[in-house]
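Report on the following structure.
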RNA sequence: GCGCCAGUAGCUCAGCUGGAUAGAGCAACGGACUUCUAAUCCGUAGGCCGGGGGUUCGAAUCCCUCCUGGCGCGCCA
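Numbering (this note's numbering), first residue to last: 186 to 739.
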């Protein structure tokens with residue numbers, strides 16, 4: 186990559202200076218920092234190396250920069266190397282490099298942007314994992330898109346990625362689901378029931394009861410316990426089918442659905458807890474079994490087995506996470522609702538106690554989505570049944586707009602989502618802005634085809650016909666796509682690609698309005714087609730990583 | 001009380017490992033369609049980066065403190 190080339194050029198220059206005695210400290214910064222200047226007049230890349238060395242050399246940074254630049258000027262990589270401000274070294278890349286960027290995109294097509302930084306690292310992204318007690322709501326949608334896009338981005342960066350959904354099909358919540366269904370079933374049979382406050386009140390419970398009654402009758406010969414268990418099984422199965430179908434409508438498919446109950450069925454909870462005991466990380470007190478998480482940064486110790494002998498939710502979650510590493514993952518990413526943040530220290534403490542590095546588990550917190558309609562907030566709550574489902578939102582505003590919207594902000598900041606606004610202003614929606622850029626290029630291709638023109642091959646492409654600053658600006662942005670993907674992957678920040686896309690689209694629209702691609706001069710037309718088709722490829726690649734479509738016509 | 005996240009233009013938000021004159025979209029105002037799709041473009045205006053201290057060549061970014069908003073602090077899941 187170009188950044189590394191510039192770094193090694195700088196390092197080489199530094200070595201030369203030390204050998205020639207023009208610099209004397211012998212200091213080598215751990216990593217030579219390169220940045221993309223905000224102001225394009227400051228060149229394509231800039232380094233603060235001279236500023237970093239100033240203290241060690243005891244010389245003003247600009248003087249150091251001059252010495253370094255003298256050693257760099259001969260390098261064919263650069264058009265110009267300048268000193269600016271307090272001592273920055275600004276690099277402007279030579280034309281030959283820009284030509285290479287277009288060649289690469291043409292050669293790699295859909296693979297352009299992929300890298301190998303994560304090569305050989307197995308990572309699991311666990312996301313959504315909503316309780317199978319009701320349909321997905323809008324908050325789940327945000328976590329779903331972020332997790333899905335992140336998984337795609339990691340894969341593009343060379344990681345080996347698995348998408349997993351953890352099904353909380355053991356414990357109180359699904360029991361409550363079963364009881365709620367059974368009560369509604371009895372109501373359907375004419376019984377008057379006293380529906381408890383902590384039951385699930387929503388209408389879909391009655392739907393499930395009706396369907397159960399149709400398929401399996403009234404469960405009259407079963408004991409209360411058997412009937413509840415039957416209702417639970419039926420409910421979980423049905424609801425998971427809804428969830429899967431909603432996620433598919435959103436463009437999301439999981440590689441693995443992992444059942445909490447299966448941990449118990451395979452005695453995994455007991456086994457993994459046994460390993461913790463063996464390591465001396467647990468103790469008994471008040472007839473309960475505790476995990477010493479305070480030894481590893483938690484603010485209190487946590488119960489694994491309650492005094493009545495039953496496991497806590499934490500116990501199965503501990504087993505689940507340990508088992509992830511048993512399955513060979515080097516790194517595990519959990520996407521959680523931000524309201525679970527208090528849970529992170531105990532989980533990290535557990536893994537640390539087990540001897541795993543802190544980076545082995547990364548928890549991405551997804552902040553709340555405030556759903557609005559005409560500026561009025563919705564109050565959401567599963568039990569009250571007053572919530573807007575993810576499916577309703579997808580149907581209303583469209584999959585692309587919905588996904589893009591969820592990815593537009595850093596996931597740890599809250600998000601206001603106004604349904605009416607998202608629909609009403611759909612033409613102002615940033616997703617259309619980006620997609621339109623792609624459609625415009627496709628349209629140019631169609632018009633060109635009518636007069637028998639097509640984008641040139643690599644051999645036919647004549648870079649010297651691209652003489653405009655706007656053209657170099659476009660190529661510069663294209664050249665940064667691999668860095669953008671890598672940055673988004675290493676920092677777990679999918680939103681970076683959204684901003685990258687908006688910048689690229691803006692440059693394309695601006696270029697389109699100022700200059701004609703299909704020019705009178707055939708040679709210019711040909712070169713410009715090569716350029717805009719590189720833009721088209723990168724737009725499509727970036728959109729694809731976000732799970733948003735790249736339409737050819739709008 | 002303790003902890004986590006946030007506080008940047010009127011609104012919604014970017015700002016990568018600390019860097020040069022803090023950016024974009026929307027809203028406002030003024031322009032551009034006989035020209036490849038105006039779902040677009042060009043321009044103007046808009047700021048004590050919540051307040052205050054500190055660290056250094058240099059702070060929106062790091063540290064301390066205070067203020068405001070959200071969310072957590074179960075032998076619940």
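We put the beta carbon where it would ideally sit given N, CA and C, even for glycine.
Quiz item: Apart from the five residues on each side of it in sequence, which residues of its chain come closer than 6 Å, Cβ to Cβ, to residue 614?
Solution: Excluding residues within five positions, the ones whose Cβ falls inside 6 Å are 586.
Quiz item: Between which two residues does the beta strand (DSSP E) carrying residue 307 extend?
Solution: Under the DSSP assignment, residue 307 falls in the beta strand (DSSP E) whose first and last residues are 307-311.
Self-check item: Run of the alpha helix (DSSP H) containing residue 522, from where it starts to where it stops
Solution: That residue, residue 522, is in no alpha helix (DSSP H); its beta strand (DSSP E) goes 516-522.
Quiz item: Do you know offhand how far residue 635's Cα is from residue 641's?
Solution: Looking at the two C-alpha atoms, the distance is approximately 15 Å.
Quiz item: Does the separation of the CB atoms of residue 679 and residue 731 fall below 8 Å?
Solution: Going by beta carbons, residue 679 and residue 731 fall inside the 8 Å limit.
Quiz item: Of all the options 240, 220, 256, which has the alpha carbon lying nearest to the alpha carbon of residue 206?
Solution: It is 256.
Exercise. Identify the continuous beta strand (DSSP E) that holds residue 169 and give its terminal residues.
Key: Summary: the structure shown does not reach residue 169, with the chain confined to residues 186 through 739, and so no result is reported for it.
Practice problem: Locate the beta strand (DSSP E) running through residue 557, then write down its first and last residues. | Solution: Start and end: 554-558.
Practice problem: Look at residue 590 and residue 602 and say whether their C-beta atoms are less than 8 Å apart. | Solution: Contact flag set, yes.
Quiz item: Looking at the unbroken beta strand (DSSP E) that takes in residue 473, where does it start and where does it end?
Solution: Element bounds for residue 473: 473-476.
Quiz item: Roughly how many angstroms lie between the CA atoms of residue 677 and residue 345, to the nearest whole one?
Solution: The straight-line gap separating the alpha-carbon atoms of residue 677 and residue 345 is approximately 15 Å.
Quiz item: When the Cα atoms are used, what is the spatial distance from residue 460 to residue 544?
Solution: C-alpha of residue 460 to C-alpha of residue 544: approximately 21 Å in a straight line.
Quiz item: Under the rule that 16 or more other beta-carbon atoms within 10 Å means buried, what is residue 484, buried or exposed?
Solution: With fewer than 16 Cβ atoms within 10 Å of its Cβ, residue 484 is classed as exposed.
Exercise. Leaving aside the five residues before and after residue 237 along the sequence, list all residues of the same chain whose C-beta is less than 7 Å from its C-beta, in chain order.
Key: Closer than 7 Å at Cβ, skipping near neighbours: 214.
Quiz item: How would you write the range of the beta strand (DSSP E) that residue 594 sits in, first residue to last?
Solution: Where residue 594 is concerned, there is no enclosing beta strand (DSSP E), given that its DSSP letter is neither H nor E.
Self-check item: Candidates 726, 233, 351: closest to residue 274 by CA position
Solution: If you compare the alpha carbons of 726, 233, 351 with that of residue 274, the shortest gap goes to 233.
Quiz prompt | Whole-angstrom distance between residue 457 and residue 386, CA atom to CA atom | solution = Going by the C-alpha atoms only, they are around 37 Å apart.
Quiz item: Going along the chain, which unbroken runs of the alpha helix (DSSP H) with 4 or more residues stay wholly within the region 449-496?
Solution: Counting only runs of 4 or more residues that sit fully inside the region 449-496, the alpha helix (DSSP H) segments are 453-463, in chain order.
Quiz item: Over what stretch of residues does the beta strand (DSSP E) that includes residue 269 continue unbroken?
Solution: From DSSP, the beta strand (DSSP E) with residue 269 extends over 263-269.
Quiz item: Are residue 666 and residue 685 close, meaning C-beta to C-beta below 8 Å?
Solution: Between residue 666 and residue 685, the CB-CB gap stays under 8 Å.
Quiz item: Of the residues 262, 492, 290, 691, which one's Cα is nearest the Cα of residue 280?
Solution: By alpha-carbon distance to residue 280, the top candidate from 262, 492, 290, 691 is 262.
Self-check item: Whole-angstrom distance between residue 533 and residue 462, CA atom to CA atom
Solution: Taking the straight line from one Cα to the other gives about 17 Å.
Quiz item: Hey, how far is the Cα of residue 650 from the Cα of residue 700?
Solution: Each residue's CA atom was taken as its position, placing residue 650 and residue 700 some 13 Å apart.
Quiz prompt | Counted within 10 angstroms of its Cβ, other Cβ atoms place residue 706 as buried (16 or more) or exposed | solution = So residue 706 ends up on the exposed side.
Exercise. Below 8 Å CB to CB, which residues in the same chain sit around residue 432 once its five sequence neighbours on both sides are set aside?
Key: Correct list, in chain order: 313, 321, 329, 438, 439.
Quiz item: Which of the three DSSP states, helix, strand or coil, is assigned to residue 387?
Solution: Of the three classes helix, strand and coil, the one that applies to residue 387 here is coil, per DSSP.
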